[in-house]
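Peer 1:
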Amino acid sequence: MTIKQLPQDLVNRIAAGEVVERPANVVKELVENALDAGARRIEVTSEGGGRELLRVTDDGRGIPREELVLALSPHATSKIASLEDLESVATMGFRGEALASIASVSKLRLRSRVPGSEEAWMVRADGGPPGAVEPAAGPPGTSVEIRSLFFNTPARRKFLKTDPTEQARISEVVQTIAMANPACAFTLTLGTRRTLELPAVDDPRRRLVALLGAELADELIEVDFEGAGATIWGLAGTPEIARPTAKRQRIFLNGRPIQDKAIQHALREAYRGLVVPGRHPTVVLFIELDPRLVDVNVHPTKTEVRFRDSGAIHQAVRHALRAALKGRDLVPTLELETGPAASATTSAPSSTAGDRPSPSAMPPGLAPGPVREFGPTDRARPVEYRRLAEDLARPVAPADALVPGIRRDHRILQVHAKYLLVEDPDGVLVVDQHALHERVLFEELVERIRSAPLERQALLMPDVIEVDEAAIEALELLAELVGRIGFDARPIGPRSISISGVPSFLLSRNVEPGPFLAELLGFGVEQGRADDPEALLSEVLDMMACKAAVKAGDRLGDAELATLLARREAIERSSNCPHGRPTSLRIPLAELDRRFGRSS
Ligand code: ADP
Ligand code: MG
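Numbering (numbering that gives the first Met the number 0), first residue to last: 0 to 599.
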């Protein structure tokens, strides 16, 4: 074959394949153009999943009659004129190929009226070069109408999903853009349904709440943070409204939606232990950063970025979220609203089934998720472990050290040897003794290991455990971690490990160290998580905390109860166990009053 220059319409169509893969991409380009034109109100309409019709109408600065044809030509843009402009471009699009590309694969009508002018003008293109400019009628601003998208590229058309799927993607695009542009009003009409109606707002958070759902307003915490040369603001959901998918997580960098592994990791870190695995917190974050500290053109659709200092951004995001979460009491409220309220006039018996909160009435965050629990440990210990260590468990806090909130004279009632009932200023707390103790021990271990390895108790007689070969390998891989948590262990054969020192902590809590180490190594093999040592350490400390914590079924003395609750006050994130399940639920006083017909 001889070399030939491709005809322009073919070049456009190839380019279209990159820019417009599906209707949602078209919507994105058109809405971004409208924003670049200074629109204050943008209306988006879609029919047939965007295949039949897409229309974006704005009230922006319009396109003069003599530029209408140019706007549809490839590499025609009003946004950059020189190479230098590339460095500082602040508009959404600037490559000047969107309209030309879209026009090459659809039947397009571009109508525009420049504000102040009496006339509107229109130009059409049906998969080829634009026709002549014709007079039209319409308000100031621009309207782009796309019909029969991909009519001349059947392969692309076939590749589209069902109408609802394409509509969902369109809706997603509009919502994302709307989040970042609160000063512009948006409407979205899908078929005959108006699915979005967003007025312009001054406070950007109001736009976010409108999009996330007004019913969540109470569960959204404001984020406001400055550090690492960045300003980070937005909303962070309480653990209660975490979801099975990450759909309600949005990160914007200088107004553009981005996807970034480091930031996602920071987000998980910030919520670690507050949501159960498999659930994703609701977070919308806006990061404002000097554009010179980031390269946004790594990816053609510009959702991937490269930070100059990705570590600093990671830390800043984590701090921002942690600070926000810390400022909030995260104890979930037990909703009792399923039953009728007692009142002087109703004589309904108070013990109908509806009175009891059914599991389905629980807030979503409380529904049991897929959690990994560690198996029970055999409490019987070999002789040599017994009382070798001084008791590391913190001495019982003197009663007057109890923190405000849990007053000394407040009675704590242990029920069914697994829950604690306690009065707090807003009502009654129901505490899961194991979950809370686990969280308390976990936080204390994390605190201790930050400064030094955990304390070790030497054994007079080394203990030898039999394991499989994978565990021997794991011991080599995790040697540093195993030492840090207080073990002195080394392989003495293909399947034997000699333990000559054990974590004092485990002894003090009656946990048998040998089987613990075997389980830890087995877990290390299974996870193979050497790539995220911090996460693995956290898992292992949690494993220690879980084994060491009081169990359901353990009867606790008054002093133990008091200590446990005092420690609850002293630690961060006491609301959830390290697996992310709640440690406590609150029954609000107001709710009790309502139910007993007291108008408090
Ligand atoms: P780009 O946005 O990369 O410049 P496009 O092909 O998307 O390229 O648009 C080409 C040009 O058409 C823009 O630079 C702009 O001048 C003009 N234009 C497109 N849409 C609008 C609009 N809604 N309002 C005003 N001008 C527009
Ligand atoms: Mg554009």
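The beta-carbon is built from N, C-alpha and C at its ideal position, and this holds for glycine as well.
Applying the criterion that 16 or more other CB atoms from any shown protein chain within 10 Å of the CB defines a buried residue, is M121 buried or exposed?
Peer 2: Buried: at least 16 other Cβ atoms inside 10 Å.
Peer 1: Thinking C-alpha only, which one of A209, R110 and I41 is nearest A135?
Peer 2: The residue with the shortest Cα to Cα distance from A135 is R110.
Peer 1: Indicate, with yes or no, if the ligand ADP has a heavy atom lying under 7 angstroms from the CB of L98.
Peer 2: Yes, the beta carbon of L98 sits closer than 7 angstroms to at least one heavy atom of the ligand ADP.
Peer 1: Going by beta carbon distance, what residues of the same chain come within less than 8 angstroms of P153, once the five residues before and after it are set aside?
Peer 2: If we look at P153 and ignore the five residues flanking it on each side, it has no Cβ neighbours.
Peer 1: What's the call for P138, buried or exposed, on a 16-neighbour Cβ count within 10 Å?
Peer 2: The residue in question, P138, is exposed, as its Cβ has fewer than 16 Cβ neighbours within 10 Å.
Peer 1: Count the C-beta pairs between the segment 532–546 and the segment 433–440 that are closer than 8 angstroms, then say yes if the count reaches three, no if not.
Peer 2: Because the criterion of three Cβ pairs below 8 angstroms is met, the segment 532–546 and the segment 433–440 touch.
Peer 1: As a quick exercise: from G426, N575, I101 and L211, pick the residue whose alpha carbon is nearest that of A245.
Peer 2: Checked all of G426, N575, I101 and L211; the closest Cα to A245 is L211.
Peer 1: Are the segment 455–469 and the segment 485–500 touching, with three or more C-beta to C-beta distances below 8 angstroms?
Peer 2: The segment 455–469 vs the segment 485–500: in contact.
Peer 1: Would you mind working out which of D294, L563, A589 and R255 sits nearest M178, comparing C-alpha positions?
Peer 2: If we check each option's Cα against that of M178, R255 comes out closest.
Peer 1: Does the beta carbon of I62 fall short of 7 angstroms from some heavy atom of the ligand ADP?
Peer 2: I62 Cβ: within cutoff of the ligand ADP.
Peer 1: In angstroms with no decimal places, state the Cα-to-Cα distance between V395 and A182.
Peer 2: In this prediction, V395 has a pLDDT of 34, which is less than 50 and means its spatial position is unreliable; what the coordinates show is noted afterwards. Approximately 56 angstroms, taken between the alpha carbons.
Peer 1: Taking only the alpha-carbon atoms, compute the straight-line gap between T230 and D289 and give it to the nearest angstrom.
Peer 2: Whole-angstrom Cα-Cα distance: 10 angstroms.
Peer 1: Could you spell out the range, first to last residue, of the alpha helix (DSSP H) harbouring P203?
Peer 2: Taken as a continuous stretch (DSSP letters only), the alpha helix (DSSP H) holding P203 covers P203 to L211.
Peer 1: Roughly how many angstroms separate the alpha carbons of S142 and R40, rounded to a whole number?
Peer 2: Rounded to whole angstroms, S142 to R40 spans 12 angstroms at the Cα level.
Peer 1: According to DSSP, simplified to helix, strand and coil, what is D541?
Peer 2: Here D541 sits in helix by DSSP.
Peer 1: Quick one: which unbroken alpha helix (DSSP H) runs of 4-plus residues sit fully inside the segment 567–597? Chain order, please.
Peer 2: You should have 588–594.
Peer 1: Kindly give me the distance between the Cβ atoms of L560 and L435, rounded to whole angstroms, as I take these residues to be in contact under 8 angstroms.
Peer 2: About 11 angstroms separates the two Cβ atoms, so there is no contact after all.
Peer 1: Fully enclosed by the segment 89–164, which alpha helix (DSSP H) runs are 4 residues long or longer?
Peer 2: With a minimum length of 4 residues, the continuous alpha helix (DSSP H) runs that stay inside the segment 89–164 are 97–103 and 153–157.
Peer 1: What do you reckon, is the C-beta of E165 under 7 angstroms from a heavy atom of the ligand ZN?
Peer 2: Of the ligands this structure carries, namely the ligand ADP and the ligand MG, none is the ligand ZN.
Peer 1: Taking E268 as part of the alpha helix (DSSP H), name the residues at either end of that continuous run.
Peer 2: E268 -> alpha helix (DSSP H) spans K260 to Y270.
Peer 1: Give, in chain order, every unbroken run of the alpha helix (DSSP H) that is at least 4 residues long and sits entirely within the segment 485–528.
Peer 2: If we require 4 residues or more, the alpha helix (DSSP H) runs fully inside the segment 485–528 come out as 503–507 and 512–526.
Peer 1: Using DSSP with H/G/I as helix, E/B as strand and the rest coil, what is I169?
Peer 2: I169 falls in the helix class under three-state DSSP.
Peer 1: With a CB to CB cut of under 6 angstroms and the five nearest residues on each side skipped, what residues in its chain are close to R175?
Peer 2: The amino acid occupying residue 175 in the given sequence is Thr; Arg does not appear at that position. Cβ neighbours of T175 beyond the five flanking positions: P256.
Peer 1: Under a three-way DSSP split, which group does E7 fall into?
Peer 2: It should be pointed out that residue 7 corresponds to Gln in this sequence rather than to Glu. Helix.
Peer 1: If we count Cβ pairs, one from each stretch, closer than 8 angstroms, do we get three or more for the segment 414–427 versus the segment 586–594?
Peer 2: Short answer: they touch.
Peer 1: So the candidates are S309, V295 and L320; which of them puts its Cα closest to the Cα of E268?
Peer 2: It is L320 whose Cα lies nearest to the Cα of E268.
Peer 1: Under a three-way DSSP split, which group does G482 fall into?
Peer 2: In the structure shown, G482 sits in a helix (DSSP, three-state: H, G or I).
Peer 1: Does DSSP put P532 in a helix, a strand or coil?
Peer 2: In this structure, P532 counts as helix in the three-state DSSP scheme.
Peer 1: State the DSSP-derived secondary structure class of L476, mapped to helix, strand or coil.
Peer 2: In this structure, L476 counts as helix in the three-state DSSP scheme.
Peer 1: Looking at N32 and the ligand MG, is the gap between the Cβ and the nearest heavy atom below 7 angstroms?
Peer 2: For the ligand MG, at least one heavy atom lies less than 7 angstroms from the Cβ of N32.
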